[in-house]
Amino acid sequence: MVEESLALTATLDQLAKLDRYNHWIYENISHALGRRVLEVGSGTGNITQFLHAEGRKVMATDVVQSYRNELERLFGAHPNVRVGKFDLTAKAPDAFVADPFDSVVCLNVLEHIEDDLFALAQMRDSLAPEGSLALLVPAHRFLYGSFDRAVSHFRRYEKRELADKLKKTGFAVREMKFFSLAAALPWLINGRLLKRDYIPTGQANLANLLVPLLKLERLIGPPCGLSLIAIAQK
36 MVEESLALTA
46 TLDQLAKLDR
56 YNHWIYENIS
66 HALGRRVLEV
76 GSGTGNITQF
86 LHAEGRKVMA
96 TDVVQSYRNE
106 LERLFGAHPN
116 VRVGKFDLTA
126 KAPDAFVADP
136 FDSVVCLNVL
146 EHIEDDLFAL
156 AQMRDSLAPE
166 GSLALLVPAH
176 RFLYGSFDRA
186 VSHFRRYEKR
196 ELADKLKKTG
206 FAVREMKFFS
216 LAAALPWLIN
226 GRLLKRDYIP
236 TGQANLANLL
246 VPLLKLERLI
256 GPPCGLSLIA
266 IAQK
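Residue numbers (my numbering): 36 to 269.
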């Protein structure tokens, strides 16, 4: 059984309070979602709440039992949400392959998997033909620091690297862009210079408050950012 990471749980609890920031993430992927969505690595449901809100059928999954318990508590009364397990270090569940999904959502998960090519292949196998993958991963190797290590990140991604790995595993990249430009410098200072293994509460809360301003990055197409968002098609 996969053990719960206290550092990761603390981060999820912190991020759960960032309603505007979470919805901003959702806004960046919502156009690529079909009616049946598989969410890989749902955690405690910070994005799940938006995925099912428009009547989509959502399979919310996580490898950590305590997170699945929390997902059942939060969404058990919603008939269009089911909770299950999808371990990206193992073959995709037979049920997912036999009845594939229109879309797979995988946000801040792939960097936790050592063999990310294998993980991408399992998500591809869970998609219907021409289905879409909405992926968010941490960007830039030079930003890798104490917090990345604390929450068991194997890597941060460069744009070309991510595109190449998607192509190798049977995806056509439809969109790829940097996300959350304003957060990159504070991350560098905290994780690399100050060597903090946590996100300061004030900094996280500020990101939530500044979302209306941060959305202006859509107009400039930032050349770098805290994360990369990719939309790919099987």
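Where is the CB? At the ideal position from N, CA and C, for every residue including glycine.
Item	Value
How would you write the range of the alpha helix (DSSP H) that Phe85 sits in, first residue to last?	Thr83 to Leu86
How would you call Gly80, buried or exposed, if buried means at least 16 neighbouring beta carbons within 10 angstroms?	buried
Who are Cys141's beta bridge partners in DSSP?	Val75 and Leu170
For a minimum of 4 consecutive residues, which ranges assigned as the alpha helix (DSSP H) are wholly contained in the stretch 86-128?	100-110
Mind checking who Ile148 pairs with in its DSSP beta bridge?	DSSP lists no partner for Ile148.
Excluding sequence positions up to five away, which residues of its chain have a Cβ less than 8 angstroms from the Cβ of Val75?	Thr96, Phe121, Leu123, Val139, Val140, Cys141, Val144 and Met158
Closer than 7 angstroms by C-beta to Arg190: which residues in its own chain qualify, once you throw out the five before and the five after it? Chain order, please.	Glu146
What three-state label does DSSP hand Pro258 in the structure shown?	coil
Quick check on Lys269: does DSSP put it in helix, strand or coil?	coil
For Gly260 and Leu216, which I take to be in contact (beta-carbon distance under 8 angstroms), what is that distance rounded to the nearest angstrom?	5 angstroms
May I ask which residues mark the beginning and end of the beta strand (DSSP E) holding Arg209?	Ala207 to Phe214
Roughly how many angstroms lie between the CA atoms of Val99 and Ser77, to the nearest whole one?	10 angstroms
Grab me the residues of Arg117's own chain with a C-beta within less than 6 angstroms of its C-beta, minus the 5 sequence neighbours each way, in chain order.	Met94
Our contact map puts Leu168 next to Ala267 with C-beta atoms below 8 angstroms; I'd like the distance itself, whole angstroms only.	5 angstroms
Applying the criterion that 16 or more other CB atoms from any shown protein chain within 10 Å of the CB defines a buried residue, is Leu106 buried or exposed?	buried
Tell me, to the nearest whole angstrom, how far the beta carbon of Tyr192 is from that of Pro164; I am working on the premise that it is less than 8 angstroms.	Between Pro164 and Tyr192 the Cβ distance is about 26 angstroms, and since that is not below 8 angstroms, they are no contact.
Provide the residue(s) that pair with Phe153 in DSSP beta bridges, ordered along the chain.	Answer is none; Phe153 lacks a bridge partner.
By DSSP's criteria, Leu263 is part of a beta bridge. Which residues make up the other side?	Val172 and Phe213
Less than 8 angstroms between the beta carbons of Arg70 and Arg91, yes or no?	yes
Could you check if Asn63 is buried or exposed, using at least 16 other CB atoms within 10 Å of its CB as the buried criterion?	buried
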